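Here's the structure, in structure tokens; my notes come after.
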Amino acid sequence: MQKIVIATHERLAEGYYRTLNYLIPEMPEIIILSAYIETNSIQEQVDDIYQNLKDEDKLIVLTDIAAGSVNQSFCRYISRPNTLIVSGINLPLVMSIILEAMHTELDLPKIRTLVSEAQDQLLVVNDVLRNFEIETDE
């Protein structure tokens with residue numbers, strides 16, 4: 001089975017979940033980890049997630065900060081087969097991964113493609129509009 005975890009500092013993961021639940025009402029079950037809210041350490045929370053997996057389960061972990069403690073806690077499991085960790089998430093990326101996971105089994109090449117597409121969503125709108133104005137003036 002394919003499982004998705006959104007894991008962030010504080011309540012960002014919950015915000016992603018609420019927004020995604022609004023945009024994708026038929027969304028599959030997502031595991032939410034909001035670090036430093038509960039009394040359990042982040043590593044205990046991560047360990048609990050992995051202890052509840054079956055060997056054949058694929059786990060796609062989406063974290064907020066690459067060098068952050070949340071991501072580092074999951075990196076202890078990077079050698080586990082069927083574990084994919086993506087850091088530096090944004091809403092377009094999380095939404096793309098969830099929508100894709102609803103229809104196909106995700107693998108590393110597909111995740112890389114989705115990350116690349118999400119990076120393209122990061123824009124300085126001032127520059128885009130300025131370029132648009134220049135093109136329409138010509």
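Using UniProt numbering, the letters of the sequence shown map in sequence onto residues 1 to 138. From the three backbone atoms N, C-alpha and C, an ideal C-beta is built for every residue, glycine too. Remember, it's a predicted structure, so these values are computed and weren't measured experimentally.
Within the segment 52 to 134, the complete beta strand (DSSP E) segments at least 3 residues long are 58 to 63, 83 to 87, listed from N- to C-terminus. At a Cβ-Cβ threshold of 8 Å, I42 and V86 do not count as neighbours. Per DSSP, the unbroken beta strand (DSSP E) holding T8 starts and ends at 2 to 9. Between I31 and I49 the beta-carbon gap is near 6 Å, inside 8 Å, which marks them as a contact. Out of R130, L91, R11, the CA that lies nearest to the CA of I37 is found in R11.
Look at I42 here: in three-state DSSP terms it is helix. Following the DSSP letters along the chain, one finds I31 inside the beta strand (DSSP E) bounded by residues 30 to 35. In the displayed model, E26 falls within coil according to three-state DSSP, outside both helix and strand. Taken atom to atom, the span from the alpha-carbon of T63 to that of T8 is near 6 Å.
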